[in-house]
Amino acid sequence: AQKVTQAQTEISVVEKEDVTLDCVYETRDTTYYLFWYKQPPSGELVFLIRRNSFDEQNEISGRYSWNFQKSTSSFNFTITASQVVDSAVYFCALSEAEAAGNKLTFGGGTRVLVKP
Amino acid sequence: KAGVTQTPRYLIKTRGQQVTLSCSPISGHRSVSWYQQTPGQGLQFLFEYFSETQRNKGNFPGRFSGRQFSNSRSEMNVSTLELGDSALYLCASSGNQRNTIYFGEGSWLTVV
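Protein chains in written order, with the working numbering: chain A, 1 to 116; chain B, 1001 to 1112.
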């Protein structure tokens, strides 16, 4: 069965520091999809990135970057030069291709607190 | 383009009552999924509907049910509410299988 583990429950940093969030996943599928979502206090899950298992190219988008490594089953996320507005809970999620539909399995989330 | 819309945003119910939550997906999206989020269990998949048919189901009791209408709007119903049903219920929509999945702001349910 699929599983997503976010070992860090909470990270506290001072503004402008970099923050790296770890995500480790387990799946038997050879094709799968990985996601990162941000959840501010309002509750909405805001989509950040989607990565296919056959695309290991890492990506940078503004202050965000992602490091996908199939060899270690990890999909880590880094916020560069953090800002107070980055304070939120971040979730890593997995969707398996062999399972019908769009079921997501989430990690437990990492709460990021950026202090001014 | 409007996002995923959920109503109501907040509600309080009494044990034993039933509740219906509504979700309007992004225009053109045919897949609607529901998730329950609690501090103890985290985010858990309830079920998914695609073209009015349930395509996936999580491990929840039969008190939790859902449906999807021809315009892709979806409702979920929880009967005989228990205190443990207090949670944030999130709806998500997607254009097709394996597409990006977008979430609404959620419905905060408190059972007293």
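For every residue, glycine included, the Cβ atom is placed at its ideal position computed from N, Cα and C. None of these values were measured; they are calculated from a predicted model.
Given residue i as reference, the closest of the options once Cα atoms are compared
{"i": "T30 of chain A", "options": "A:V84, A:F54, A:C23 and A:L48", "result": "A:F54"}
{"i": "G1042 of chain B", "options": "A:F35, A:N76, A:V85 and A:V4", "result": "A:V4"}
{"i": "F1014 of chain B", "options": "B:G1062, B:S1086 and B:S1027", "result": "Position check: residue 1014 of chain B holds Thr in this sequence, whereas Phe was assumed. Taking only the C-alpha atoms, the option nearest T1014 of chain B is B:S1086."}
{"i": "L21 of chain A", "options": "A:F106, A:F91 and A:R50", "result": "A:F91"}
{"i": "R1067 of chain B", "options": "B:A1092, B:N1059, B:F1050 and B:F1060", "result": "B:F1050"}
{"i": "P1039 of chain B", "options": "A:Y33, A:V89, A:C23 and A:S95", "result": "A:V89"}
{"i": "N76 of chain A", "options": "A:Q2, A:V14 and A:A93", "result": "A:A93"}
{"i": "V85 of chain A", "options": "A:Q2, A:A1 and A:V13", "result": "A:V13"}
{"i": "F1064 of chain B", "options": "B:S1024, B:Y1089 and B:R1073", "result": "B:Y1089"}
{"i": "E56 of chain A", "options": "A:A1, A:K70 and A:W36", "result": "A:K70"}
{"i": "Q1044 of chain B", "options": "B:G1028, B:T1110, B:P1025 and B:P1061", "result": "B:P1061"}
{"i": "G1003 of chain B", "options": "A:Y32, A:S87, A:V46 and A:W66", "result": "A:V46"}
{"i": "F106 of chain A", "options": "A:C23, A:D18 and A:V19", "result": "A:C23"}
Where residue i falls, given that 16 or more other Cβ within 10 Å makes a residue buried
{"i": "N58 of chain A", "result": "exposed"}
{"i": "Y1010 of chain B", "result": "exposed"}
{"i": "E1082 of chain B", "result": "exposed"}
{"i": "K122 of chain A", "result": "There is simply no residue 122 of chain A to check, as chain A begins at 1 and stops at 116 in what is shown."}
{"i": "K16 of chain A", "result": "exposed"}
{"i": "G1106 of chain B", "result": "buried"}
{"i": "F1069 of chain B", "result": "exposed"}
{"i": "V112 of chain A", "result": "buried"}
{"i": "A1092 of chain B", "result": "buried"}
{"i": "I1101 of chain B", "result": "buried"}
{"i": "S95 of chain A", "result": "buried"}
{"i": "V1112 of chain B", "result": "exposed"}
{"i": "S1094 of chain B", "result": "buried"}
{"i": "G109 of chain A", "result": "buried"}
{"i": "P1025 of chain B", "result": "buried"}
{"i": "E1048 of chain B", "result": "buried"}
{"i": "R28 of chain A", "result": "exposed"}
{"i": "Q1018 of chain B", "result": "exposed"}
{"i": "S1027 of chain B", "result": "exposed"}
{"i": "G1104 of chain B", "result": "buried"}
Distance between beta carbons of residue j and residue i, contact taken as under 8 Å
{"i": "N52 of chain A", "j": "S1031 of chain B", "result": "About 18 Å; that fails the 8 Å criterion."}
{"i": "S74 of chain A", "j": "E26 of chain A", "result": "In fact, because the Cβ distance is near 11 Å, the residues do not count as touching under 8 Å."}
{"i": "Q1006 of chain B", "j": "S1022 of chain B", "result": "7 Å"}
{"i": "W1108 of chain B", "j": "G43 of chain A", "result": "7 Å"}
Interfacial residues, the segment 100 to 113 of chain A to chain B, with Cβ spacing under 9 Å: A100, G101, N102, K103, L104, T105, F106, G107, G108 and G109
Cβ contact check for the segment 6 to 16 of chain A and the segment 61 to 75 of chain A: 3 or more pairs under 8 Å: no
Touch test, the segment 1075 to 1082 of chain B against the segment 77 to 85 of chain A, Cβ-Cβ under 8 Å, three pairs minimum: no
Selection of the segment 1044 to 1058 of chain B by Cβ proximity to chain A, strictly under 7 Å: F1045, E1048, F1050, R1055 and N1056
Selection of the segment 66 to 93 of chain A by Cβ proximity to chain B, strictly under 9 Å: F91 and A93
Chain B contacts from the segment 36 to 51 of chain A (Cβ-Cβ distance under 8 Å): Y37, S42, G43, E44, L45, V46, F47 and R50
Against chain A: residues of the segment 1086 to 1101 of chain B by CB proximity under 8 Å: L1088, L1090, A1092, S1094, Q1097, R1098, N1099, T1100 and I1101
Contact residues within the segment 1013 to 1035 of chain B, judged by C-beta distance below 7 Å to chain A: S1031 and S1033
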